[in-house]
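Below is one structure; the comments refer to it alone.
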Amino acid sequence: MGKIKEAGTGRMKESRMNMDKLSQPELLTLFSILEGELEARDLVIEALRAQQRDAFVQERYGRYDLSDPFLALQRDGEAAGAGPGERAGPAACPNPWPC
Numbered sequence: 043m044g045k046i047k048e049a050g051t052g053r054m055k056e057s058r059m060n061m062d063k064l065s066q067p068e069l070l071t072l073f074s075i076l077e078g079e080l081e082a083r084d085l086v087i088e089a090l091r092a093q094q095r096d097a098f099v100q101e102r103y104g105r106y107d108l109s110d111p112f113l114a115l116q117r118d119g120e121a122a123g124a125g126p127g128e129r130a131g132p133a134a135c136p137n138p139w140p141c
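Numbering (the working numbering), first residue to last: 43 to 141.
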């Protein structure tokens, strides 16, 4: 249901579409409009999530250069509690080949 302003009175009048009496072309037009509205809503939601994700990454990793894998390893070591030049913990397997 929608509200339409009556001409000359300034009052709002409720309008109702009679869905039972719509022709097939009218229904197709209505459905295509509704589909466009849903796609627009999905795009807005996706954009807001991307913004939030970018803000989170910048907040958490802003001081690091994310393009350098060695700095990423250093960051992960710091997050694990190891100091500079120390290992975060014992290796799961000293030799990776037989494991």
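Backbone N, C-alpha and C fix where the C-beta goes; we use that ideal spot for every residue, glycine too.
C-alpha distance - residue i paired with residue j, whole-angstrom precision
| i | j | result |
| --- | --- | --- |
| arginine 95 | arginine 117 | 19 Å |
| leucine 72 | glutamine 93 | 32 Å |
| asparagine 60 | glutamate 68 | 12 Å |
| aspartate 84 | arginine 91 | 11 Å |
| aspartate 62 | glutamate 77 | 20 Å |
| glutamine 66 | glutamate 81 | 22 Å |
| glutamate 88 | glutamate 101 | 20 Å |
| serine 2 | glycine 123 | Outside the modelled stretch of the chain, which goes from 43 to 141, sits residue 2, for which no answer is possible. |
| valine 99 | proline 111 | 16 Å |
| leucine 64 | serine 74 | 14 Å |
Where residue i sits in the DSSP three-state scheme
| i | result |
| --- | --- |
| leucine 64 | coil |
| aspartate 118 | helix |
| glycine 78 | helix |
| arginine 91 | helix |
| aspartate 110 | coil |
| arginine 102 | helix |
Pick from the options that is closest to residue i, judged by C-alpha positions
| i | options | result |
| --- | --- | --- |
| alanine 121 | Asp110, Ser109 and Tyr103 | Tyr103 |
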